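Okay, so the sequence shown: first residue is 1 according to UniProt numbering, each after it adds one. Working notes for the structure below.
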Amino acid sequence: MNSSPGSVIVLFLINGDSVTQIEGQMTLIEGDSLTVNCSYETTQYPALFWYVQYPEEGPQLLLRASKVNDKRSNKGFEATYNQENTSFHLKKALVQDSDSALYYCALEDTVTGSELSYATGTAIKKKKYKISSG
C-alpha cells in the first residue's frame, strides 16, 4: 500500500473500535521536535498505548494511559489521553538519532477486554543534513 503525505493510514477495526495515525513516515534530524498524531473512535472507555519497534527488534510498550486526562511520559516522549478530542498524540521535544523506529498507537476496550486495535504505524527516520532554502 502506498501512502502520500497527508493521507490517512488504514486501521484495524475490532468491535467498532478504531485508531488512526495520519503520518506514514517522518524524516527528522537530531534536535527536531516530534508529534505523531493518534485519534481513536470507540463507544467504551479504552486504554490507550504507544508501542515502539526499533530495527531488528519486536514491538515494545512505550506509554499506556487508561484514565481521561492521564499524561504519561517515558524516555522523553509524552502523550495525554484527551477524551474531548479523542486523541493520544505522541510528542517529544528533542528527537535523537536513536529514536529512529516504527511507532504504533493502539487502544483496548477495557470494558469488554477486547483485543488491541492498532493503527498502521509511523516510521521515524533520521536525516543527516537539514536543507533550507533562502
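Even for Gly, the Cβ is constructed at its ideal location relative to N, Cα and C. In this text, all values refer to a predicted model and were calculated from it rather than measured experimentally.
When the options are compared against residue i, the one with the closest alpha-carbon
i      : options                            : result
Ser-87 : Gln-60, Asp-70, Lys-75 and Ala-101 : Asp-70
Gly-24 : Arg-72, Gly-76, Glu-30 and Asn-37  : Asn-37
Ser-98 : Tyr-45, Arg-72 and Gly-31          : Gly-31
For residue i, three-class secondary structure by DSSP
i       : result
Ser-18  : strand
Ser-98  : helix
Val-111 : Residue placement at Val-111 cannot be trusted, given a pLDDT of 40 that sits under 50; what the coordinates show is reported in the next sentence. In this structure, Val-111 counts as coil in the three-state DSSP scheme.
Gln-83  : coil
Glu-41  : strand
Sub-8 Å separation of residue i and residue j beta-carbons
i       : j      : result
Trp-50  : Leu-34 : no
Leu-102 : Gln-60 : no
Exposed unless 16 or more other CB atoms sit within 10 angstroms - verdict on residue i
i           : result
Thr-43      : exposed
Ala-65      : buried
Lys-92      : buried
Ser-133     : Reliability fails at Ser-133, whose pLDDT of 39 lies under 50, so the model's placement of it is uncertain and no value is given.
residue 177 : It is not possible to answer for residue 177, since the shown part of the chain is limited to 1 through 134.
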